[in-house]
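Under the UniProt record's numbering, the residues of the sequence shown are numbered 1 to 437, in order.
First up is the structure itself, then whatever we jot down about it.
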Amino acid sequence: MNDCLSWSARDLITRLQRRELPVQSVVQACIERIEAAEPGILAWQHFDAAQALAQARALDAGATRGSRHGLHGLPIGVKDLMDTSDMPTTYGSPIYAGYRPAVDAACVAMARSAGAVIMGKTVTTEFATFQPGPTRNPRAPLSVPRTPGGSSSGSAAAVAAGMVPVAFGTQTAGSIIRPAAYCGVVGYKPTHGTLPLAGIKPLSPSLDTVGALARSVDDAAFFVGTLARLPLPSLAPLPQGRPSVARLRVALCHTPYWDRATGDTRQALATAARLLEHHGARLTDLSLPAHFSALNTAQIDIMAYEAAAAFAPERRTAADRFSSAFAAVLAQGQSIDGEHYFGARIEAHRARHALDAMFADFDVILAPSTEGVAPEGLQGTGDPVFNRMWTLLGNPCVHVPVGAGQDGMPVGVTLVGRAFRDTQLLAAAHALECSLA
């Protein structure tokens with residue numbers, strides 16, 4: 001029955017809806033994988049096998065789930081930034097140890113209503129910022145631990161280790177794309193606002209975005225598309241070496257931070273560009289306007305300013321329990337006045353309009369995901385230098401693993417789509433994924 005862990009999300013759910021196998025069998029297979037791998041990875045903040053099986057039994061005992069319950073029996077991980085009514089929610093901070101929310105976050109409630117099984121809460125960095133949790137990158141040997149990235153560290157690691165097929169993540173700077181890149185899985189950050197933020201501890205509301213970590217582009221598209229009621233087509237496996245990109249216009253964008261890219265990232269970008277062009281895509285080079293070079297700074301300032309406001313209650317009552325890294329973010333935010341904040345928001349607004357106009361000449365952007373492979377050690381989570389700008393602009397992004405770099409660690413690229421054109425972006429990412437098969 002452990003073979004079910006390798007099935008696509010669509011295939012798994014189709015078989016579960018047809019009662020070809022019980023949900024309990026799938027959940028039990030996930031439990032066995034978690035119990036075997038978790039001691040060396042530490043992806044879960046909360047995991048209770050009995051609780052997961054109880055959800056599975058309830059689904060098996062109920063009526064067959066139809067199209068309105070399109071995630072019937074799908075085991076998922078939930079980032080511990082998201083409220084859950086039946087599990088503790090700590091937001092990655094000792095301040096909230098043992099905290100029990102009264103209701104689920106909206107996206108969690110949506111997943112439950114669609115029939116998903118909440119396997120547990122995955123580790124997040126402190127309040128989704130830069131103080132790491134205990135999670136190890138499952139692609140690295142125990143003898144030389146590496147970061148899984150942040151802040152969706154547990155979600156990326158759980159998917160990479162085969163514990164669940166898909167897990168929720170959130171991104172404010174690079175917290176979906178970077179962990180996906182470091183752990184060698186797909187990361188999908190939808191257009192900003194696609195999934196609701198209610199019940200998720202806010203860091204920077206104008207930037208915070210709910211997305212997913214998954215094993216494949218189709219798994220991520222299916223999961224988010226089901227929740228958002230997006231008309232996403234089935235991204236079925238394509239014949240090997242024959243991705244459908246004949247009319248795709250791809251803009252190759254090194255971004256203003258290309259000097260930070262290592263040889264591994266440069267090679268990954270070149271490989272992705274070559275494959276897309278080989279299969280018929282038309283590639284052009286994209287040079288961004290000079291004012292785009294200030295967007296990373298604008299993202300940092302907006303995030304810090306909004307975080308200082310969002311955490312005003314904790315600053316009054318529990319500031320001594322912040323890490324030094326998080327305290328520094330809030331201190332920076334408090335030093336920024338409203339006029340400067342508005343200026344950064346205006347700069348972002350201007351850039352969004354400029355980028356949207358540029359999309360008249362291409363369909364998707366091909367860009368770096370990270371500086372390189374996951375850094376050694378667990379003291380940091382890597383730098384989101386290649387992610388901040390796209391998050392600020394609100395465009396949908398998909399990280400696609402391309403291969404291996406230094407020491408066999410994963411490396412990949414980001415495809416960026418036009419705002420609200422997620423379907424086109426996911427199809428392009430799927431085509432790239434298939435060209436690598």
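Cβ atoms here follow ideal geometry from the backbone N, Cα and C, with glycine treated the same way.
Please read these numbers as outputs of a predicted model, since none were measured by experiment.
Looking at the DSSP output, D285 shares a beta bridge with L252. Taking all protein chains in view, the Cβ of I346 is surrounded by fewer than 16 other Cβ atoms within 10 Å, so the residue is classified as exposed. One alpha carbon belongs to P196, the other to A228, and they sit about 9 Å apart. N137 sits buried, since 16 or more C-beta atoms from the chains shown fall within 10 Å of its C-beta. Rounded to whole angstroms, T84 and A157 show a C-alpha spacing of 20 Å. For the alpha helix (DSSP H) assignment, the uninterrupted runs of no fewer than 4 residues enclosed by the stretch 86 to 148 are, from N- to C-terminal side, 106 to 113. Between T226 and A56, the C-beta gap is not smaller than 8 Å, which leaves the two residues out of contact. With a threshold of 16 other beta carbon atoms within 10 Å, H279 meets it and is buried. A direct Cα-to-Cα measurement between R112 and T271 gives close to 39 Å.
Pairing M110 with A116, the inter-Cα distance amounts to about 9 Å. Here DSSP, grouped into helix, strand and coil, assigns W7 to coil.
Our two residues, S335 and P231, have alpha carbons roughly 44 Å apart in a direct line.
By a beta-carbon distance limit of 8 Å, V166 contacts A214. Their separation comes to about 4 Å. Assigned with DSSP and collapsed to three states, Q424 falls in helix. Burial is judged here by how many other beta carbons sit within 10 angstroms of a residue's own beta carbon; F342 has fewer than 16 and is exposed. If you ignore the 5 residues before and after H46, its C-beta comes within less than 6 Å of the C-beta of M87, P88, G120 and K121, all in its own chain and listed in chain order. Collapsing the DSSP output to three states places I365 in a strand. Using a 10 angstroms sphere on the CB of L295, the tally of other CB atoms reaches 16 or more, which defines it as buried. Non-local beta-carbon contacts of T194 in its own chain, meaning distances under 6 Å to residues more than five positions away in sequence, involve A228 in chain order.
In the DSSP annotation of this structure, the continuous segment of the alpha helix (DSSP H) that includes V27 starts and ends at V23 to I41. Around the beta carbon of H291, fewer than 16 other beta carbons lie within 10 angstroms, which makes this residue exposed. For the stretch 397 to 421, the continuous beta strand (DSSP E) assignments of 3+ residues that do not extend past its boundaries occur at 397 to 404 and 410 to 417, in sequence order. Taken through DSSP and simplified to helix, strand or coil, H349 comes out as helix. Exclusion of the five residues before and after V385 leaves Y257 and R260 as the residues of its chain whose Cβ lies within less than 6 Å of its Cβ.
Between the alpha carbons of G98 and G403 lies a distance of about 40 Å. Per DSSP, L207 is not a residue of any alpha helix (DSSP H), being assigned neither H nor E. When the Cα atoms are used, V78 and F168 turn out to be separated by approximately 5 Å. Looking at the backbone, the Cα of D361 and that of C4 are separated by about 43 Å.
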